[in-house]
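Scroll down for the structure; my scribbles are underneath it.
Numbering (the numbering used here), first residue to last: 1 to 276.
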């Protein structure tokens with residue numbers, strides 16, 4: 001792991017993300033690219049060219065100064081941090097920055113679910129997750145001892161998950177984490193017998209050629225996939241939950257109704273997403 005991107009909006013949750021990134025950067029001798037996207041109104045952008053150019057430079061310099069002051073934190077000492085200020089707020093562009101810098105991971109802070117406030121309802125985190133071709137780590141709270149000894153990968157283990165699973169396995173090796181799998185059996189049309197579940201996961205692992213990297217495979221039963229994953233992660237004391245996601249375009253059982261997004265919304269543990 002060499003490069004970590006942290007989108008920063010000066011909020012408390014971007015501080016959580018920066019602290020998490022600092023801990024991983026120190027452990028893996030990685031660089032942090034702290035990215036702030038300067039939001040300019042449509043009215044401002046439609047002004048005359050000369051006025052627009054001058055004011056753009058002014059706001060850009062002002063944001064850069066504020067950003068540099070924001071990054072003067074004790075927890076960032078002894079960490080290579082490069083501030084980047086972009087004069088747009090199109091969150092698909094975060095993926096472009098990641099590609100340009102060959103980043104390994106994006107870390108974002110989020111308040112998660114709180115009443116009617118949901119992580120994946122028009123939030124900045126949701127926009128980054130849906131466009132990012134590299135893994136996104138979502139943290140919900142401040143931590144001074146971030147560790148990834150055991151991570152659970154939750155899935156329906158269909159063919160479309162093979163590629164993101166291989167990416168997940170590669171990342172977890174870099175993190176030095178043990179990879180655990182969980183399949184949640186639910187009542188109704190998707191119910192499988194114990195034999196059918198094992199055959200499905202075994203066939204999946206044959207395609208990934210990662211069978212020897214698996215620490216544990218668990219089959220749990222619950223009324224919903226989301227509850228099953230969250231309950232397992234808590235009971236097994238997992239350090240993080242990982243899921244594959246492609247937004248609301250999926251048609252498979254696991255992704256219908258955006259189950260992966262519900263898991264990311266309601267998990268208290270860190271969640272790592274991998275795009276299909």
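By construction, the Cβ of each residue, glycine as well, lies at the ideal position given by its N, Cα and C atoms.
Residue 69 has its alpha-carbon roughly 32 Å from the corresponding atom of residue 174.
Listed as beta-bridge partners of residue 83 by DSSP are 34.
Our two residues, residue 3 and residue 93, have alpha carbons roughly 17 Å apart in a direct line.
In this structure, residue 182 keeps its C-beta atom at 7 Å or more from the C-beta atom of residue 221. If you draw a 10 Å sphere on the C-beta of residue 261, you find 16 or more other C-beta atoms in it, and that means buried. Excluding its 5 nearest sequence neighbours in each direction, residue 228 has C-beta neighbours in its own chain below 6 Å: 184, 220, 222, listed in chain order.
With respect to the 7 Å criterion, residue 79 and residue 168 are not classified as neighbours on the basis of their beta carbons. In the three-state scheme derived from DSSP, where H, G and I count as helix and E and B as strand, residue 7 is classed as strand. When DSSP states are grouped into helix, strand and coil, residue 77 belongs to the coil group. Here residue 17 carries a helix assignment [DSSP, helix/strand/coil]. Rounded to the nearest whole angstrom, the CA to CA distance from residue 202 to residue 259 is 23 Å. The closest CA to that of residue 133, considering only 101, 158, 176, 190, is found on 101.
Rounded to whole angstroms, the separation of the alpha carbons of residue 8 and residue 244 is 24 Å. Nearest to residue 130 by C-alpha distance, out of 149, 106, 143, 16, is 106. Under the three-state reduction of DSSP, residue 166 is assigned to helix. The C-alpha of residue 96 lies about 36 Å from the C-alpha of residue 200. By a beta-carbon distance limit of 8 Å, residue 224 does not contact residue 136. Their separation comes to about 23 Å.
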